[in-house]
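What follows is a single structure, written as structure tokens, with notes after it.
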Amino acid sequence: MHARTRRTSSVEPELTDAWERLQVHYARHQNAAPFWDAYQAIQDELTRSHPQQRVAVCNRLATLAERLGVIHHAHLLREQRGESRHTSSTSP
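Here this note's numbering is used: the first residue of the sequence shown is 32, the next is one more, and so on.
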């Protein structure tokens, strides 16, 4: 089965692939466990490739799932203090 994906300019370029993959998995599985397995795999890939923006990436992916209709309302994460800061070393 080939799902038709919709490209959109309202999705950030780095998330375009994730958006298209989510659409394919949703077309195949709807809100079943295989969709959520794929969602988590995509989320893991994105957070590994954007470690300094983990919360923002997770929130954006959740809003894409909401946009697909998988969920009615995305529950967004709040950044904890210091989470958005990068420290190159933990040594004194």
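Where is the CB? At the ideal position from N, CA and C, for every residue including glycine. In this text the structure is predicted, and so the values were computed from the model without any measurement.
Euclidean distance between Cα positions of residue i and residue j
{"i": "V101", "j": "L77", "result": "19 Å"}
{"i": "Q84", "j": "D48", "result": "17 Å"}
{"i": "E110", "j": "D75", "result": "18 Å"}
{"i": "E97", "j": "P82", "result": "23 Å"}
{"i": "E45", "j": "I73", "result": "12 Å"}
Nearest residue (CA-CA) to residue i, options the options
{"i": "E43", "options": "V88, H56, W67 and A72", "result": "V88"}
{"i": "H103", "options": "Q54, N62, R79 and S80", "result": "N62"}
Own chain residues within Cβ distance below 8 Å of residue i, not counting five before or after
{"i": "T12", "result": "In the structure as shown, the chain starts at 32 and stops at 123, and residue 12 therefore has no counterpart that could be examined."}
Residue burial classification, residue i (beta-carbon count within 10 angstroms, cutoff 16)
{"i": "R91", "result": "buried"}
First through last residue of the alpha helix (DSSP H) which encompasses residue i
{"i": "N90", "result": "R85 to L99"}
{"i": "L46", "result": "Segment: none, L46 is in no alpha helix (DSSP H) and carries neither H nor E."}
Contacting residues, own chain, Cβ-Cβ under 6 Å from residue i (five flanking each side not counted)
{"i": "H56", "result": "F66 and A69"}
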